[in-house]
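Worksheet: one structure, shown below.
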Amino acid sequence: MDAAVKPQGCTNLKLRQLMRRVAQLYDAEVGKTGLRGTQYSLLSYVVKLAPVRPVDLARAMKVDASTLTRNLRPLVDAGWVTLGAGEDARSRRVEATAKGREKRQEAQRRWRVAQESLNQRLGTQRVLALHALLDECQELLADLPAEEDR
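Numbering (full-length UniProt numbering), first residue to last: 1 to 150.
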């Protein structure tokens, strides 16, 4: 890269602004099911990985334990997820209920509508390029300490 050409502006701010816009699009659609986008993601991980220990779920989602606990609470209260006993007295297991699996299917249909809308607005090729760039950046930053390590 030419030393005279440098990125202008704050990358963190630009990513947060984009994330807010994308989240608005998904939340508007997925919200029709009574779930926020973040709740849909969490419920999807639980359905996919269950039964799963909270520590493993947090690791898979790349969130810290306190964030996971806070985000699980509304799903448990709604009856979509259970926190049951684990393999020993100190461990727990997270599982989706039948009602939770149904809610996830309903939300997944709305998520698809949001994804198609984003693909249409940005163009499929741009979305594919964005995914590839984001994946590459994630790999390049993988050696940074995780939130729970700080």
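Don't be surprised by glycine CBs; every beta carbon is placed ideally from N, CA and C.
Here's a check: name, in chain order, each residue in its chain whose Cβ is nearer than 8 Å to the Cβ of V76, leaving out the five neighbours to either side. Within the same chain, V76 has close Cβ partners T82, L83.
Would you call the CB atoms of E95 and A60 closer than 9 Å? No, they are not a contact pair.
Leaving out five residues on either side along the sequence, give the residues of the same chain with a beta carbon under 8 Å from the beta carbon of K32. R110
Extent of the continuous alpha helix (DSSP H) run through residue 155: With the chain covering only 1 through 150, there is no way to say anything about residue 155.
Using CA atoms only, rank isn't needed, just tell me which of V47, N71, R20, A129 is closest to A107. V47
Quick one: Cα of E139 to Cα of H131, how far? Counting only the Cα atoms, H131 lies some 12 Å from E139.
Report yes or no: do three or more beta-carbon pairs, one from the stretch 19 to 29 and one from the stretch 108 to 127, lie closer than 8 Å? Touching, yes, given that three or more Cβ pairs across the two stretches are closer than 8 Å.
Whole runs of the alpha helix (DSSP H) within the UniProt domain "HTH marR-type" (12 to 139), excluding any shorter than 4 residues: Counting only runs that start and end inside the UniProt domain "HTH marR-type" (12 to 139), the alpha helix (DSSP H) elements of at least 4 residues fall at 37 to 49, 54 to 61, 65 to 77, 98 to 122.
Alpha carbon to alpha carbon, what distance is there between V127 and N119? In a straight line, the C-alpha of N119 is about 6 Å away from that of V127.
Taking the alpha-carbon of G34 as reference, which of W80, L18, V55 has the nearest alpha-carbon? Ranking the options by Cα distance to G34, first place goes to W80.
Can you name, in chain order, every residue of its own chain whose Cβ lies under 8 Å from the Cβ of T97, other than the five neighbours on each side? G79, W80, V81, T82
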